[in-house]
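K.L.:
Here's a structure for you.
In the numbering used here, the protein residues as written are 62 to 389.
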């Protein structure tokens, strides 16, 4: 590892993110991290402080220390207050503990979420999946689409619905050109979902905008926000998989599941299992070909860390960044 640390800004990563093929490397990085988490090779310590100033929103500072066997050490610093937030990462050599990079981490949250959806699709999609429905056409939909097209190159039908016609048409036109795929805007959530092997929920709705009966038997549903966009019937009508039970079961934005867990009406026995167990081959993705799998893509610190390490390694190999000399 070079002795001189570097500063990495969002602009340093433009060449990486210009080619949608970057998502294969991101998905692979998360797969390695998910297995490390599952096999207990990750160590983490979180320090958080939250205060309220006046009548404004709480101001918070979180320090997330993470590392493990074969995993470079890192500290993620996230702060927020007065409606603003910042997020940066310090990465250290796992052997010498020397500073390797100081990087802007805000850019890579959508990348991590997209790659997490792609990783879920890689291991949970029905065999020979050919069709995708996406509900949403915002910023996060861009990385989700890139990830799913990389994870499942055999996709033949891709349909997108979002409430504003101009937005979904513009998104489909842009993504079709970028990914070299025929991506079709449709006029309703039902038109997108009916018959789809994969349903990707990238919308910001806090209530369901579709029905469980629209979902094809054996399909995979990917939920990335968890703010109540899946119907209540998902509690009993799907096999729920999440990266880590401990985070999923306590998340403030994983309804209707967390509300049911608190009420004692949905327990770990009802939970399908952790993604790492599926990847490792310890549990099946589904118990029968007709079972609908709901992948709840939760924000797991090791996955965020893995994306940052992967991006830093790319920057090092590409000669990106500005040298940081603290002794000058």
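Think of the CB as a built atom: it goes at the ideal place given N, C-alpha and C, for glycine as much as any other residue.
Are there 16 or more other CB atoms within 10 angstroms of the CB of residue 205, so buried, or fewer, so exposed?
P.N.:
One-based indexing of the chain shown puts residue 205 at position 144. Burial call: buried.
K.L.:
Ordered along the chain, which non-local residues of its own chain (more than five positions away) have a Cβ less than 8 angstroms from that of residue 201?
P.N.:
As a first step, residue 201 must be located in the chain shown, where it is residue number 140. Cβ neighbours of residue 201 beyond the five flanking positions: 171, 174, 175, 263, 285.
K.L.:
Measuring only from the beta carbon, is residue 73 closer than 6 angstroms to any heavy atom that is part of the ligand FMN?
P.N.:
Ligands in the displayed structure: none, and consequently the ligand FMN is not present.
K.L.:
Taking a contact to mean a Cβ-Cβ separation below 7 angstroms, would you say residue 187 touches residue 258 in this structure?
P.N.:
Along the chain shown, one-based indexing puts residue 187 at 126. Along the chain shown, one-based indexing puts residue 258 at 197. For residue 187 and residue 258, yes; Cβs fall inside 7 angstroms.
K.L.:
What runs of the alpha helix (DSSP H), each 4 residues or longer, lie entirely inside the segment 233-279?
P.N.:
Within the segment 233-279, the complete alpha helix (DSSP H) runs of at least 4 residues are 250-254.
K.L.:
Between 161, 148, 149, which has its C-alpha nearest residue 134's C-alpha?
P.N.:
Here residue 134 refers to the residue found at position 73 when the chain shown is read from its first residue. Comparing Cα positions, the closest option is 161.
K.L.:
What would DSSP say about residue 369, mapped onto helix, strand or coil?
P.N.:
Mapped onto the chain shown, residue 369 falls at position 308. Note: residue 369 maps to helix in three-state DSSP.
K.L.:
Looking at C-beta atoms only, is the number of pairs between the segment 237-251 and the segment 269-279 that lie closer than 8 angstroms three or more?
P.N.:
Flag = yes, the segment 237-251 and the segment 269-279 touch.
K.L.:
Could you give the C-beta distance for residue 302 and residue 361, rounded to a whole number, given that I count them as a contact under 8 angstroms?
P.N.:
As a working note, residue 302 is residue 241 in the chain shown. As a working note, residue 361 is residue 300 in the chain shown. Actually they do not touch by this definition, with Cβ atoms about 13 angstroms apart.
K.L.:
Quick one: grab the DSSP three-state call for residue 81.
P.N.:
Sequence index remark: in the chain shown, residue 81 carries index 20 (1-based). Coil, per DSSP.
K.L.:
Consider the Cβ of residue 211: report whether some Cβ of chain B lies at a distance smaller than 7 angstroms.
P.N.:
Looking for chain B here will not work: only one protein chain is present.
K.L.:
Are residue 340 and residue 184 close, meaning C-beta to C-beta below 7 angstroms?
P.N.:
Residue mapping note: residue 340 aligns to position 279 of the chain shown, counting from 1. Residue mapping note: residue 184 aligns to position 123 of the chain shown, counting from 1. Yes, these two residues count as a Cβ contact at 7 angstroms.
K.L.:
Measuring CA to CA, which of 373, 376, 378, 366 is closest to residue 92?
P.N.:
As a first step, residue 92 must be located in the chain shown, where it is residue number 31. Among 373, 376, 378, 366, the Cα nearest to that of residue 92 belongs to 366.
K.L.:
How would you label residue 165, buried or exposed, when you count the other beta carbons within 10 angstroms and need 16 or more for buried?
P.N.:
Here residue 165 refers to the residue found at position 104 of the chain shown. Residue 165 comes out buried.
K.L.:
What does a CB cutoff of less than 7 angstroms around residue 85 pick up in its chain, not counting 5 residues either side in sequence?
P.N.:
The residue you call residue 85 lines up with position 24 of the chain shown. If we look at residue 85 and ignore the five residues flanking it on each side, its Cβ neighbours are 211.
K.L.:
Is it the case that the Cβ atoms of residue 358 and residue 179 are separated by a distance below 7 angstroms?
P.N.:
Position 297 of the chain shown, counting from 1, holds the residue named residue 358. Position 118 of the chain shown, counting from 1, holds the residue named residue 179. Their beta carbons are not under 7 angstroms apart, which means residue 358 does not touch residue 179 by this criterion.
K.L.:
Look up residue 354 in the DSSP assignment and say whether it is helix, strand or coil.
P.N.:
In the chain shown, the residue the question calls residue 354 occupies position 293. Note: residue 354 maps to strand in three-state DSSP.
K.L.:
Hey, residue 232 and residue 372: beta-carbon distance below 7 angstroms or not?
P.N.:
Residue mapping note: residue 232 aligns to position 171 of the chain shown, counting from 1. Residue mapping note: residue 372 aligns to position 311 of the chain shown, counting from 1. No, the Cβ-Cβ distance between residue 232 and residue 372 is not below 7 angstroms.
K.L.:
I'd like to confirm the pairing. Which residues does DSSP put opposite residue 383 in its beta bridges?
P.N.:
Taking the first residue of the chain shown as 1, we reach residue 383 at position 322. Partner(s): 68.
K.L.:
With DSSP as the reference, identify every bridge partner of residue 349, one or two as the case may be.
P.N.:
Position 288 of the chain shown holds residue 349. The partner list for residue 349 (beta bridge, DSSP) is empty, contrary to what the question assumes.
K.L.:
Starting from residue 307 and walking both ways along the beta strand (DSSP E), at which residues does that stretch end?
P.N.:
Here residue 307 refers to the residue found at position 246 of the chain shown. Per DSSP, residue 307 belongs to no beta strand (DSSP E); it is in the alpha helix (DSSP H), 306-309.
K.L.:
By DSSP, does residue 194 sit in helix, in strand, or in coil?
P.N.:
Taking the first residue of the chain shown as 1, we reach residue 194 at position 133. If DSSP states are grouped into helix, strand and coil, residue 194 belongs with the strands.
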